[in-house]
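Peer 1:
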Amino acid sequence: MRNSKLYRVFSTLRGDSYKKLSKLPPAVVIEESEDWAKEARTALKHSRCIRSYVILKPSTSKPVWKLTYTLKNSIYVQDKLTTGASNSLLTHYPPFSSTVYKLLEEGGAIKLYSSSLDEFGMGSLGLFGNKGIVRNPHSPRRVCGGSSSGSAYLISKKLVDFAIGTDTGGSARTPASYNSIYGFKPSYGAVSREGILPLTTLLDTPAVLSNSVDIISRVFSVISAPDLYDMTTWKTKKIEYRKCAIEPYRELQKPLRFALQKGVKVRFLVLKEVMDYPQRSLSQQESQIRKSFLNLVSRLKCTPDCEILTDSIEWPPILLAELVYKIIAYSELVTHYLSLNSILVPWDKEQERRVKLQNREKRGSEYIKRLKVESSYIDKAAEVRARFGDEVKIRHLIGYFFLYRSNYEKIYLQARKIVTLYFEKMSQILSRGGILLAPATNNIAPLIESSSTDYVTDIAQSILLLANFAGTPSISIPWLHFKVRKSLETVYIGLHLTCKSREDRYLLSAVSYLERNKLL
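Sequential numbering from 113 applies to the sequence shown in our numbering.
Structure representation (structure tokens):
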């Protein structure tokens, strides 16, 4: 019988990975060099043997050593093109690297690509990047999901061991669900956001995508660290997340152990709103998803080591979450991207090279990076902002409306108050130690031609947003797959799990427990 772990490892390392690189759609990666594919193949070839050993026998001191990864192109790498998939930043070369990248480099991980995204992270479909549409690798007629679309594509194709994306309202968990991979959003403050293009400061969180919860836990052990440059990070010692087994909650006042203790049950939580939703006719796939979820809950009830709790959000209504999110996100993105006015243009790479040549023989000299100051503010700002994509322009206009005069108090501040109510309610529900279960998405990935960004009430999307509002750790894991009758293509749905803030290790342990006991 084939060893499943060995097979998973070598399936990511075998020769066809090199062939996949040559067939990689241009929309998936954002690279300045034309030889990026050749460089990636060389790195894979040189690390192939050692990586197989590292994945099976990871080092305790360097858990990500020699693992390959991709960075979302909104995460800074010094002097490397970072556009955020926007034509307005085609000459943007950051003068410093993000904290996440530095930690991974120190840990010995190998960066292969810079992955595409929806422009500035504004989108949940993978349709709005300046490189083009990122299609679902399992069903090219369907969306890949976003905004971390390029990251999800590369993980799904097993071209990297893990990917670093971001998650503001499901940006990593939604594509993870559509592509049958793992998408992990840590607790707010667990990972530094220094050096990452912002979308919504209140909600932004770096995220990890992979084909294995073990690799996610190893990556998280490396990137979860205090950072003096990000005051929202936890001021605690680094925690080891790699040992994924169920452990009791801190409220039990027992020593943390990496084993399921006698008498300590794994608590799972289900919301009444999920069980009762929706009050309308369902499509075939929606009916199957609902039936499978109810079967999962019943199966967990019959498991001796599990306990099922039921609760309800009640107020504010859970289906209000997406509207509240749009008000907050669209308003905050306006304040972030007002800086793109071309008065201060990012350091130009050619100019940097000229200055370096002039100062090469000067010992101990520091290269002063000069900023070009333009005289006409209105003209230059209009020129830069005209390069925004249509989706970004629409969101800016709506955001301006939410902040315009009295709307700031009547709309934006009221939305912030509702976020506080959601935070308090989620904290109350999760305080009993339950892990909230729900489908990661209500339906399969939509067809590209019929996809829409219109406002709709979606219970699954609302639960993804609640995790961002409350700053809780959450993860989408592979769960269901369907065959679409007409095309015979396979499509996927993930299972979403959320638990109390700062209990990331417990959440990863719960995933490991479900898989080890074949409860999914």
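We put the beta carbon where it would ideally sit given N, CA and C, even for glycine.
This one's a predicted model, so the numbers in the text were calculated from it and none came from an experiment.
Please go through the same chain and pick out, in chain order, the residues whose beta-carbon is closer than 6 Å to the beta-carbon of asparagine 580, but skip the five residues on each side of it.
Peer 2: Gly281, Leu315
Peer 1: Leaving out the 5 sequence neighbours to the left and right, which residues in its chain are closer than 6 Å to glycine 664 when beta-carbon positions are compared?
Peer 2: With the chain represented from 113 up to 632, any question about residue 664 goes unanswered, as that position is not in the structure.
Peer 1: Pull up the CB-CB distance for phenylalanine 633 and serine 209, whole angstroms please, since I reckon it's below 8 Å.
Peer 2: No information on residue 633 is available, as it lies outside the stretch 113 to 632 that the chain covers here.
Peer 1: From serine 393 to serine 564, what does the alpha carbon distance come to, in whole angstroms?
Peer 2: Cα to Cα, the separation comes out at about 20 Å.
Peer 1: If you compare alpha carbons, which of Gln396, Arg614, Tyr520, Cys418 is closest to arginine 597?
Peer 2: Between arginine 597 and the set Gln396, Arg614, Tyr520, Cys418, the nearest pair of CA atoms involves Gln396.
Peer 1: Take glycine 351 and list the residues in its own chain whose beta-carbon comes closer than 7 Å to its own, dropping the five residues that flank it on each side.
Peer 2: In the sequence on display, residue 351 carries isoleucine and not glycine. Ser336, Arg617, listed in sequence order.
Peer 1: If contacts are defined as beta-carbon pairs under 8 Å, then glutamate 144 and leucine 193 qualify, I think. What distance do you get, rounded to the angstrom?
Peer 2: 4 Å
Peer 1: Tell me whether glycine 295 sits in a helix, a strand or coil according to DSSP, three-state version.
Peer 2: In the structure shown, glycine 295 sits in a strand (DSSP, three-state: E or B).
Peer 1: Is it right to say valine 496 is buried, meaning 16 or more other beta carbons lie within 10 angstroms of its own, or is it exposed?
Peer 2: buried
Peer 1: For alanine 319, report the span of its beta strand (DSSP E) as first-last.
Peer 2: 317-322
Peer 1: Assuming leucine 321 and glycine 277 are in contact, meaning their beta carbons sit under 8 Å apart, how far apart are those beta carbons, in whole angstroms?
Peer 2: 6 Å
Peer 1: Identify whether phenylalanine 274 lies in helix, strand or coil by the three-state DSSP scheme.
Peer 2: strand
Peer 1: DSSP three-state call for valine 386: helix, strand or coil?
Peer 2: helix
Peer 1: In this structure, how does DSSP classify glycine 233 when only helix, strand and coil are distinguished?
Peer 2: In this structure, glycine 233 counts as helix in the three-state DSSP scheme.
Peer 1: Between the Cα of glycine 241 and those of Val378, Met343, Leu201, Val331, spot the shortest distance and give me the residue it belongs to.
Peer 2: Leu201
Peer 1: Between the Cα of leucine 309 and those of Arg330, Thr610, Ser186, spot the shortest distance and give me the residue it belongs to.
Peer 2: Among Arg330, Thr610, Ser186, the Cα nearest to that of leucine 309 is on Ser186.
Peer 1: Give me the Cα-Cα distance between leucine 549 and isoleucine 575, rounded to the nearest whole angstrom.
Peer 2: 10 Å
Peer 1: Going by the beta-carbon positions, is the gap between histidine 204 and threonine 602 smaller than 8 Å?
Peer 2: no
Peer 1: Return the Cβ separation of threonine 431 and threonine 569 in integer angstroms, given the expectation that the two are a contact with Cβ distance under 8 Å.
Peer 2: Rather than threonine, the amino acid found at residue 431 in this sequence is leucine. Right, the Cβ-Cβ distance comes to about 4 Å (below 8 Å), so this counts as a contact.
Peer 1: Can threonine 638 and aspartate 279 be called in contact, C-beta distance under 8 Å?
Peer 2: For the chain, the structure presents residues 113 to 632; residue 638 sits outside this window and is missing.
Peer 1: Please give the ranges of any alpha helix (DSSP H) in the segment 176-264, keeping only runs that are unbroken, at least 4 residues long and fully inside the region.
Peer 2: 211-218
Peer 1: Go ahead and pull the three-state DSSP assignment for isoleucine 556.
Peer 2: coil
Peer 1: Going straight from the alpha carbon of glutamate 478 to that of tyrosine 188, what length do you get?
Peer 2: In this predicted model, glutamate 478 has a pLDDT of only 46, less than 50, meaning its place in the structure is not dependable; the value taken from the coordinates is given anyway. When rounded, the distance between both Cα atoms is 21 Å.
Peer 1: Would alanine 572 and phenylalanine 535 qualify as a contact pair, given that the criterion is a beta-carbon distance under 8 Å?
Peer 2: no
Peer 1: DSSP three-state call for glycine 476: helix, strand or coil?
Peer 2: Since pLDDT at glycine 476 reaches only 43, below the 50 mark, its modelled position is unreliable, and the value read off the structure follows with that caveat. Three-state DSSP puts glycine 476 in coil, outside helix and strand.
Peer 1: Would you call the CB atoms of tryptophan 591 and leucine 631 closer than 8 Å?
Peer 2: no
Peer 1: Using a 10 Å radius around the Cβ and a threshold of 16 neighbouring Cβ atoms, would you call lysine 297 buried or exposed?
Peer 2: buried
Peer 1: Give the DSSP-derived three-state secondary structure of arginine 369 in the structure shown.
Peer 2: Low local confidence applies: a pLDDT of 37 at arginine 369 is under 50, so the model's placement there is unreliable, with the coordinate-based value given in what follows. The answer is coil: DSSP assigns arginine 369 none of H, G, I, E or B.
Peer 1: By the 10 Å Cβ neighbour count, where 16 or more other Cβ atoms means buried, how is asparagine 248 classified, buried or exposed?
Peer 2: buried
Peer 1: Alpha carbon to alpha carbon, how far is threonine 182 from tyrosine 389?
Peer 2: 37 Å
Peer 1: Taking the beta strand (DSSP E) that glycine 606 falls in, what are its first and last residues?
Peer 2: 602-610
Peer 1: Out of Gly301, Pro416, Phe332, Glu419, which has the shortest C-alpha to C-alpha gap to proline 338?
Peer 2: Gly301
Peer 1: Can you tell me which of Val255, Pro551, Ser260 puts its alpha carbon nearest to the alpha carbon of serine 226?
Peer 2: Ser260
Peer 1: Could I get the ranges of all uninterrupted alpha helix (DSSP H) runs contained in the segment 484-526, with 4 residues as the minimum, in chain order?
Peer 2: Complete alpha helix (DSSP H) runs here, min 4: 489-497, 502-515.
Peer 1: If you draw a straight line from the alpha carbon of lysine 347 to that of valine 303, how long is it in whole angstroms?
Peer 2: 11 Å
Peer 1: Is the separation between the beta-carbon of alanine 319 and that of asparagine 291 shorter than 8 Å?
Peer 2: no
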